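If you want this note's numbering, it's the 1-based position in the sequence shown plus 117.
Here's the structure we're looking at; comments come further down.
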Amino acid sequence: MNSYISNSIQETKELGKQIASKFNKGDVVVLNGDLGAGKTAFVAGVASYWNKENEVSSPTFTIINEIVLNDDLSLFHFDVYRLEDEDEFYAIGGEEYFDKGITLMEWGNTIKSALPKEYLEIKIDKDSNNENIRIFNFIPHGKHYEELIERI
Ligand SMILES: Nc1ncnc2c1ncn2[C@@H]1O[C@H](COP(=O)(O)OP(=O)(O)OP(=O)(O)O)[C@@H](O)[C@H]1O
Ligand SMILES: [Mg+2]
Numbered sequence: 118m119n120s121y122i123s124n125s126i127q128e129t130k131e132l133g134k135q136i137a138s139k140f141n142k143g144d145v146v147v148l149n150g151d152l153g154a155g156k157t158a159f160v161a162g163v164a165s166y167w168n169k170e171n172e173v174s175s176p177t178f179t180i181i182n183e184i185v186l187n188d189d190l191s192l193f194h195f196d197v198y199r200l201e202d203e204d205e206f207y208a209i210g211g212e213e214y215f216d217k218g219i220t221l222m223e224w225g226n227t228i229k230s231a232l233p234k235e236y237l238e239i240k241i242d243k244d245s246n247n248e249n250i251r252i253f254n255f256i257p258h259g260k261h262y263e264e265l266i267e268r269i
């Protein structure tokens, strides 16, 4: 397991920005972690690689936010916190986005059986002693993501 420590929101965004260069169309990244863990901050960092940080919102009621990165690449920022289960995800056609761009999904563990067979899980843990520290655990599901995190 690959772990990184972030000491601030800026470091979390920087981590996202650095990893962004490794993502390609069809990649699916699931962000799991408590409320306020830094999932959206990480997505903002990824988007900042394409100078699109200000298009990332905390999608409280939006389940899918498409951010056009360039002529042939979009980032699909999902927040599935409000979905009851996988059926609701299928009802909105969620799985149809996976091969159309880069998918970053907050709370993906709530619709686990609807996730593709291979994806990169990022589990973010808070530190109980310091409110600014986060531990990022990169957990690859499938060979493609094993190789991807080796290149980070
Ligand atoms: N090291 C850190 N990395 C990221 N955020 C941090 C860190 N330290 C403190 N924070 C704070 O934690 C909060 C993270 O908020 P963010 O919206 O990114 O979380 P989230 O995981 O998306 O939450 P939610 O489940 O509500 O969507 C921000 O207020 C940020 O300032
Ligand atoms: Mg969020």
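Beta carbons: idealized from backbone N, C-alpha and C, even for Gly.
Model, not experiment: these values are computed from the prediction.
Relative to ligand 1, is the shortest distance from any of its heavy atoms to the C-beta of residue i smaller than 7 Å?
i: residue 153; result: yes
i: residue 171; result: no
i: residue 225; result: no
i: residue 149; result: no
i: residue 179; result: no
i: residue 248; result: yes
i: residue 187; result: no
i: residue 126; result: yes
i: residue 113; result: As displayed, the chain neither begins before 118 nor continues past 269, which places residue 113 out of reach and without an answer.
i: residue 129; result: yes
i: residue 251; result: yes
In the structure shown, what three-state DSSP assignment does residue i receive?
i: residue 220; result: strand
i: residue 232; result: coil
i: residue 147; result: strand
i: residue 209; result: coil
i: residue 243; result: strand
i: residue 262; result: helix
i: residue 114; result: This structure leaves residue 114 out entirely; the chain is present only between 118 and 269.
i: residue 203; result: helix
i: residue 140; result: coil
i: residue 214; result: helix
i: residue 226; result: helix
For residue i, write down the residues that DSSP places opposite it in a beta bridge.
i: residue 171; result: Bridge partners of residue 171: none, in fact.
i: residue 192; result: 184, 219
i: residue 253; result: 121, 241
Within the structure, which residues are defined as neighbours of ligand 2 by a Cβ-heavy atom distance below 7 Å, reported in chain order?
-> 156, 157, 175, 196, 223
Touch check for the stretch 140-149 and the stretch 224-236: three-plus C-beta pairs under 8 Å?
-> yes
Would you check if there are 3 or more beta carbon pairs closer than 8 Å linking the stretch 169-187 to the stretch 251-260?
-> no
Specify whether the stretch 236-246 and the stretch 153-166 touch according to this definition: at least 3 beta carbon pairs, one from each stretch, less than 8 Å apart.
-> yes
Would you check if the stretch 131-138 and the stretch 202-212 touch, i.e. whether three or more CB-CB distances between them fall below 8 Å?
-> no
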